[in-house]
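First to last, the sequence lines map onto chains B and L.
Start counting the first sequence at 1; every next residue gets the next number (this note's numbering).
Start counting the second sequence at 495; every next residue gets the next number (this note's numbering).
Inspection log for the structure reproduced underneath, given as structure tokens.
There are 2 protein chains.
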Amino acid sequence: MTEPLRYSQSRPAALTQVPRWDYEADIIVLGFGAAGACTALEAARAGARVLLVESAAGSGGTSALSGGEIYLGGGGGTPIQRAAGFEDATEDLYRYLLMVGGPNADAAKARRYADGSLAHFEWLSAQGIEYKNSYIAERCIEPSTDDCLIWSGSEEAWPFVAQAKPAPRGHCPKFLGMGGGRYVMDVLTRRVVEAGVQVLYNARALALVTDGARDVHGLVLRSEGAERFARARRAVVLCAGGFVMNRDMVRQHAPFLLRSQFPLGTVDDGSGILLGASAGGAMMNMSEGFVTIPWYPPGSMVKGIFVNDRGQRFINEDCYHGRVSNYILRQGGDRIWLLQDHATFAMGEMQTLAKMEIGAAGETWEEVERELQLPEDSLAATVRLYNHYAAQGTDPLFHKAAKWLKPLNEPPYVAIDCRIDHCFYASFTLGGLDSLPTGEVVDADRQPIGGLFAAGRTTCGLPRWGEGYSSGLSLADATFFGREAGRRAATSSR
Amino acid sequence: MTEPLRYSQSRPAALTQVPRWDYEADIIVLGFGAAGACTALEAARAGARVLLVESAAGSGGTSALSGGEIYLGGGGGTPIQRAAGFEDATEDLYRYLLMVGGPNADAAKARRYADGSLAHFEWLSAQGIEYKNSYIAERCIEPSTDDCLIWSGSEEAWPFVAQAKPAPRGHCPKFLGMGGGRYVMDVLTRRVVEAGVQVLYNARALALVTDGARDVHGLVLRSEGAERFARARRAVVLCAGGFVMNRDMVRQHAPFLLRSQFPLGTVDDGSGILLGASAGGAMMNMSEGFVTIPWYPPGSMVKGIFVNDRGQRFINEDCYHGRVSNYILRQGGDRIWLLQDHATFAMGEMQTLAKMEIGAAGETWEEVERELQLPEDSLAATVRLYNHYAAQGTDPLFHKAAKWLKPLNEPPYVAIDCRIDHCFYASFTLGGLDSLPTGEVVDADRQPIGGLFAAGRTTCGLPRWGEGYSSGLSLADATFFGREAGRRAATSSR
């Protein structure tokens with residue numbers, strides 16, 4: 001048995017034991033990623049005195065590692081959607097958000113976001129985030145140019161297309177190349193500073209401070225080598241990311257993510273979630289995670305088919321790369337191949353990044369099958385069935401759309417090795433604290449905990465189901481519900 | 495916003511607010527199933543004054559719904575294993591327990607159980623639970639006779655057989671017919687009464703009582719229409735089952751179980767887990783669950799093959815029925831068939847209970863395929879490949895053992911409909927509070943919470959992974975770690 005820790009993120013410090021207050025503010029925001037920035041900004045603009053606490057030496061968090069893409073639409077479409085010829089009804093966005101939320105979707109958050117997304121685009125632009133009026137029709141993950149609008153989810157793929165009219169909704173900032181998240185965070189950071197938010201860098205949260213009624217009154221911090229006590233007159237807002245870097249938590253809640261050797265995050269040590277839970281906040285969807293191998297572009301790769309180590313197909317390959325990858329991780333074995341023929345084969349930068357390599361090649365599929373040491377007529381039968389129906393423009397087993405169907409019948413044939421224990425499978429967690437659309441953290445009875453709010457990956461937000469995740473949802477959720485939390489917290493009282 | 499509840503299982507009541515103590519004991523045990531009975535028994539025998547609180551009007555809990563089977567072995571084998579010709583080394587039991595625990599197995603609990611299982615068998619016998627010295631070699635789920643020893647897991651199936659020498663370890667009590675769990679609980683209940691445990695029936699736990707340091711001091715109860723306050727001088731032990739009957743919790747943590755329309759439980763409303771979490775107890779493996787369609791006996795059914803709605807096989811059919819069913823629920827669609835030929839087909843009572851019906855029949859597999867409206871040469875190709883290798887005594891895709899391999903080539907052929915939305919798929923949850931082998935409930939730092947213990951389904955115990963579950967593990971865990979918790983709690987101090 002180890003000594004009990006003096007302070008712990010999973011055990012609140014008692015208000016009566018706080019020796020002094022080193023800091024005081026109306027609102028204390030923990031974490032300076034996109035959620036924390038938007039929370040702080042709106043709270044400060046609503047008149048609150050805001051202290052923003054960040055464990056790193058600068059702003060950005062995991063948001064700055066992203067492409068800066070934000071999932072936006074509805075209300076007939078953003079100006080950029082409309083210019084590209086897409087009308088995007090609020091109800092289509094809403095239905096899509098419900099679908100991507102999976103069996104435990106949060107209808108209230110989806111409703112609020114669908115209704116407010118168009119105005120949110122205007123707000124983001126008003127902060128100074130620039131968007132080029134342009135659209136990329138070609139399937140991609142993130143533009144290498146400074147273009148804006150892309151297809152960033154499974155909107156056109158079965159089963160989503162059957163329930164919501166598709167539109168491209170990924171809005172990338174006007175930033176040349178990958179990594180627009182840093183640009184977005186730089187813009188938001190300037191606004192935060194201008195708004196008079198006090199920022200405390202290099203400060204780690206050790207524990208929440210609660211009273212006998214479980215209401216939250218502040219934080220115990222470690223800053224400049226000492227314990228500091230920070231009082232929040234109105235509320236603490238947890239915007240401290242997910243838990244993908246806390247491998248113990250991943251093992252306890254989402255062990256399938258351990259198979260991904262590339263967790264995407266900065267700190268993401270679960271501290272926001274643990275702190276919230278320590279005050280009674282309910283955790284939800286903790287087993288859900290995003291995982292992906294970036295196996296396209298080029299788009300022609302989508303005309304290939306994935307097979308598992310039994311030579312079986314398992315998904316319509318025209319859906320979002322993260323959905324395909326989620327299914328890959330359920331196949332049991334580590335070996336996965338993407339089959340291509342001479343006409344569809346095209347490997348480039350993305351496949352190099354993904355560490356995808358040719359695993360076998362042959363003049364017949366039987367030859368490929370033998371080279372992969374698969375049982376006789378396993379993989380070959382799979383291709384034969386696929387080709388038979390693809391020639392008729394249908395995919396009765398998995399419903400891949402006709403535009404991606406082409407018989408794989410032009411030799412030579414290749415099986416591209418996508419094995420899980422070797423290739424680049426990136427991941428992050430999707431579970432977190434249950435919260436209301438206002439940002440209030442709730443307990444298992446859905447009762448708000450006094451003085452406690454959260455936003456972004458620390459919560460279980462719009463992105464909460466690995467099968468449904470679409471690019472841009474995380475920043476959409478972080479920025480939009482961060483704003484909501486900031487506005488609400490600024491006028492809250494315990 | 496609803497009014498905050500006066501008392502809530504997810505919000506501890508403050509010790510300072512307790513108006514009086516209506517009950518006082520050294521140990522308060524919540525829940526009179528197998529875990530609670532064994533906890534109370536050992537605590538009382540260690541000299542503690544014990545109050546056992548049960549929400550129903552009698553003892554039993556969900557344990558009484560079970561077959562009464564307990565997973566036992568190691569140490570060279572129980573007398574019954576040895577009489578049947580099985581030596582069962584402790585290390586084989588340990589390795590099997592580690593495997594069935596999955597990626598987040600608890601090595602400390604597995605070790606403790608493997609080392610203590612043989613003595614535990616003696617203890618159970620000494621309580622008066624009778625075991626007949628007999629063995630059933632035939633594959634079954636639960637004996638319809640009063641026989642004892644059965645194969646109750648995946649011990650002989652791939653991949654388990656490759657890592658631990660198999661032995662039958664399911665010990666069923668000497669009780670004629672199904673439902674031996676009631677018999678086991680009747681015996682334990684008599685011992686509990688004899689030991690002088692005070693039992694309070696029809697009493698529901700409203701909240702834990704904690705002090706400022708988060709230590710647990712008792713429970714707020716609802717009994718005889720009024721709030722009652724029960725003081726635990728040493729500890730509260732939560733033995734209140736799982737959460738399968740709390741459909742909100744299931745949706746938030748293990749939504750795949752919503753597809754099972756037959757949750758197995760009595761109360762199992764998650765109250766034990768919520769109470770523990772309210773005092774800072776960490777929850778684990780909450781997404782894991784057991785699910786099963788009882789598709790055998792007769793054992794000849796195992797010679798058939800399961801296919802999903804794409805006509806694909808997905809598992810070696812010779813593993814435990816719950817493992818097969820866990821894979822069934824991952825196949826996406828609702829339609830699942832069990833294919834049999836004239837030689838292997840045998841439907842009986844169990845299949846009637848399971849609501850399995852013939853979905854299609856034909857003189858050729860192509861005919862069956864057409865009748866099921868599956869794409870051309872999907873199911874037929876699957877059977878062809880299976881038969882080809884089965885004739886050679888191998889199953890290169892799924893590693894079914896040779897004794898179950900027989901080409902399905904004797905017409906007529908049938909596809910037995912096992913669809914999820916129609917058939918009897920029973921389920922229960924496997925996630926719960928993290929605890930030490932001593933029963934101490936721990937927080938996310940694995941620090942024990944003063945005055946709080948738990949056992950049985952309320953904890954994340956030996957059975958914690960749907961793919962690995964084996965019959966008898968739940969009662970093994972509940973009785974063994976209930977005893978540990980009782981002994982430890984009896985001498986504990988905050």
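Quick reminder that beta carbons are idealized off the backbone N, C-alpha and C, glycines included.
Bear in mind that the values here come from a model prediction, so they are computed numbers and not experimental data.
Extent of the continuous beta strand (DSSP E) to which residue i belongs
| i | result |
| --- | --- |
| Asp-337 (chain B) | With the sequence shown as reference, residue 337 (chain B) is identified as Trp, and Asp is not the correct amino acid for it. First-last of the beta strand (DSSP E) with Trp-337 (chain B): 337 to 340. |
| Gly-945 (chain L) | 942 to 948 |
| Phe-480 (chain B) | From DSSP, Phe-480 (chain B) is part of no beta strand (DSSP E) but of the alpha helix (DSSP H) over 473 to 490. |
| Val-908 (chain L) | 907 to 911 |
| Leu-51 (chain B) | 50 to 53 |
| Ile-305 (chain B) | 305 to 307 |
Buried or exposed (CB count within 10 angstroms, at least 16 for buried), residue i
| i | result |
| --- | --- |
| Asn-627 (chain L) | exposed |
| Ala-863 (chain L) | Contrary to the premise, residue 863 (chain L) reads as Glu rather than Ala in this sequence. That one is buried. |
| Pro-869 (chain L) | buried |
| Ala-426 (chain B) | buried |
| Pro-653 (chain L) | exposed |
| Ala-476 (chain B) | buried |
| Glu-497 (chain L) | Bear in mind that a pLDDT of 47 at Glu-497 (chain L), under 50, signals an unreliable position, so the model cannot answer this. |
| Lys-403 (chain B) | exposed |
| Thr-858 (chain L) | exposed |
| Glu-69 (chain B) | buried |
| Ser-987 (chain L) | exposed |
| Met-1 (chain B) | Residue confidence for Met-1 (chain B) is low, a pLDDT of 38 falling below 50, so the modelled location carries little weight; the figure read from the coordinates is stated next. With fewer than 16 Cβ atoms within 10 Å of its Cβ, Met-1 (chain B) is classed as exposed. |
Test item: CB-CB of residue i and residue j under 8 Å
| i | j | result |
| --- | --- | --- |
| Val-818 (chain L) | Phe-800 (chain L) | yes |
| Val-405 (chain B) | Ala-381 (chain B) | The amino acid occupying residue 405 (chain B) in the given sequence is Leu; Val does not appear at that position. Not a contact, by the Cβ cut-off of 8 Å. |
| Ala-25 (chain B) | Leu-51 (chain B) | yes |
| Thr-39 (chain B) | Gly-272 (chain B) | no |
| Thr-786 (chain L) | His-815 (chain L) | yes |
| Ala-938 (chain L) | Phe-975 (chain L) | no |
| Ala-35 (chain B) | Ala-490 (chain B) | no |
| Ala-207 (chain B) | Pro-396 (chain B) | no |
| Val-744 (chain L) | Gly-759 (chain L) | no |
| Ser-10 (chain B) | Ser-435 (chain B) | no |
| Leu-385 (chain B) | Asp-742 (chain L) | no |
| Gly-170 (chain B) | Trp-151 (chain B) | yes |
| Val-561 (chain L) | Glu-636 (chain L) | What sits at residue 561 (chain L) in the sequence shown is Gly, not Val. The answer is yes: Cβ separation under 8 Å. |
| Arg-977 (chain L) | Glu-536 (chain L) | yes |
| Tyr-501 (chain L) | Arg-633 (chain L) | no |
| Leu-643 (chain L) | Gln-575 (chain L) | yes |
Boundaries of the alpha helix (DSSP H) in which residue i is found, first to last residue
| i | result |
| --- | --- |
| Tyr-201 (chain B) | Run containing Tyr-201 (chain B): none; DSSP gives neither H nor E here. |
| Arg-864 (chain L) | 859 to 865 |
| Gly-480 (chain L) | With chain L covering only 495 through 988, there is no way to say anything about residue 480 (chain L). |
| Gly-497 (chain B) | Nothing can be reported for residue 497 (chain B): it is not among the residues displayed for chain B, which extend from 1 to 494. |
| Leu-118 (chain B) | 107 to 126 |
| Gly-759 (chain L) | Run containing Gly-759 (chain L): none; DSSP gives neither H nor E here. |
| Tyr-96 (chain B) | 90 to 101 |
Residue i - partner residues in DSSP beta bridges
| i | result |
| --- | --- |
| Arg-231 (chain B) | B:Glu-24, B:Gly-218 |
| Arg-505 (chain L) | L:Ser-502 |
| Phe-428 (chain B) | B:Phe-290 |
| Tyr-880 (chain L) | DSSP lists no partner for Tyr-880 (chain L). |
| Gly-170 (chain B) | B:Tyr-71, B:Ile-150 |
| Ala-699 (chain L) | L:Leu-715 |
| Val-29 (chain B) | B:Leu-52, B:Val-237 |
| Ser-929 (chain L) | L:Val-935 |
| Thr-459 (chain B) | B:Leu-433 |
Review point. Looking at C-beta atoms only, is the number of pairs between the segment 458 to 469 of chain B and the segment 429 to 436 of chain B that lie closer than 8 Å three or more?
Key: yes
Review point. Is the segment 114 to 130 of chain B touching the segment 169 to 183 of chain B in the sense that three or more CB pairs, one from each, lie closer than 8 Å?
Key: yes
Point to revise | Any 3 or more C-beta pairs closer than 8 Å across the segment 13 to 20 of chain B and the segment 272 to 292 of chain B | key: no
Practice item. Would you check if there are 3 or more beta carbon pairs closer than 8 Å linking the segment 524 to 544 of chain L to the segment 82 to 93 of chain B? Key: no
Practice item. Assess, as a yes-or-no matter, whether the segment 546 to 553 of chain L is touched by the segment 595 to 610 of chain L under the definition of 3 or more beta carbon pairs within less than 8 Å. Key: no
Point to revise | Cβ pair count under 8 Å reaching 3, the segment 405 to 414 of chain B against the segment 328 to 342 of chain B | key: yes
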